[in-house]
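Q:
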Amino acid sequence: PERRLELKYERFLRYRNHADLELKAVNWNIALKCSQYAARLAPDDRDVRGRVALAEAYIQFVQSPEDGKAVRGKLQQAAQLLPDWPDPHLALARLHVYQDRNLGRAMAEWHTAERLGYRLGPREWEQEGDAYLARVEGSLRQLSRKRPPKNASSTLTLLRRDVYRARAR
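Residue numbering for the sequence shown is 1 to 169, as defined by this note's numbering.
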């Protein structure tokens, strides 16, 4: 049984190195079941409890992506239980990009994941590009109002920089 659990656990980690942006590319229900089984075998193991929280967060994210508060809570719990894992931080970065529209927080989470040994790849580059694009679109909406903001020239400068960064990713 331990070997089967180990093989299924490897499937759990595939998303970490998967370039696909779709969370549905991984069967999170299997990951959750494997982690819950491991939690029954070792209920005091923080690592296992962290994997359960991480799988639950991903399932919640897939089922109701607009419920960022519940997902964020599970991911923060996973980050506390798995202090050496980049995975909760990668998921939090995704949440900051697509829900909060907060590129600064996403970048902080990517930095934490890198500090934990993760090398950012195509999935994170695409997410970063999406975040810059969202910021560009917000700036364009702001500039296209009937009364542009007083700092329109600095907004235009930031807009140009963000367009350049989005294209670079």
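All C-beta atoms, glycine included, are put in the ideal place defined by N, C-alpha and C.
Thinking residue 139 and residue 155 are a contact (beta carbons under 8 Å), I'd like their distance in whole angstroms, please.
A: Sure, about 6 Å apart at Cβ, within 8 Å.
Q: Since residue 166 and residue 136 are thought to touch, with beta carbons under 8 Å apart, how far apart are those beta carbons, to the nearest angstrom?
A: Correct: roughly 6 Å between the Cβ atoms.
Q: Give the secondary structure of residue 150 by DSSP, where H, G and I count as helix, E and B as strand, and everything else as coil.
A: Correct three-state label for residue 150: coil.
Q: How would you label residue 74, buried or exposed, when you count the other beta carbons within 10 angstroms and need 16 or more for buried?
A: Buried.
Q: Would DSSP call residue 117 helix, strand or coil?
A: Note: residue 117 maps to coil in three-state DSSP.
Q: Could you round the C-beta distance between residue 28 and residue 59 to whole angstroms and report it? I think they count as a contact, below 8 Å.
A: Going by Cβ atoms, the distance from residue 28 to residue 59 rounds to 5 Å, so yes, they are a contact pair.
Q: Residues in its own chain within less than 6 Å of residue 55 by CB, not counting five upstream and five downstream?
A: Contacts found: 28, 31, 32, 35.
Q: Distance check for residue 67 and residue 121, CA to CA, integer angstroms please.
A: Distance between the alpha carbons of residue 121 and residue 67: 26 Å.
Q: Using the Cβ count rule (16 or more neighbours within 10 Å means buried), how would you classify residue 90?
A: Buried.
Q: How long is the line joining the alpha carbons of residue 111 and residue 96, rounded to whole angstroms?
A: Those two C-alpha atoms are separated by around 14 Å.
Q: Quick one: what does DSSP say residue 38 is sitting in, helix, strand or coil?
A: Residue 38 falls in the helix class under three-state DSSP.
Q: Give, in chain order, every unbroken run of the alpha helix (DSSP H) that is at least 4 residues long and sits entirely within the region 59 to 98.
A: With a minimum length of 4 residues, the continuous alpha helix (DSSP H) runs that stay inside the region 59 to 98 are 68 to 81, 87 to 95.
Q: Within 10 Å of its beta-carbon, does residue 50 have 16 or more other beta-carbons around it, so buried, or fewer, so exposed?
A: By the 10 Å Cβ count, residue 50 comes out buried.
Q: CB-CB under 8 Å to residue 116, same chain, minus the five flanking residues each way: which ones, in chain order?
A: Here the set comprises 84, 85, 86, 89.
Q: Quick one: is residue 72 buried, meaning 16 or more other Cβ sit within 10 Å of its Cβ, or exposed?
A: With 16 or more Cβ atoms within 10 Å of its Cβ, residue 72 is classed as buried.
Q: Going straight from the alpha carbon of residue 131 to that of residue 124, what length do you get?
A: The straight-line gap from Cα to Cα measures roughly 10 Å.
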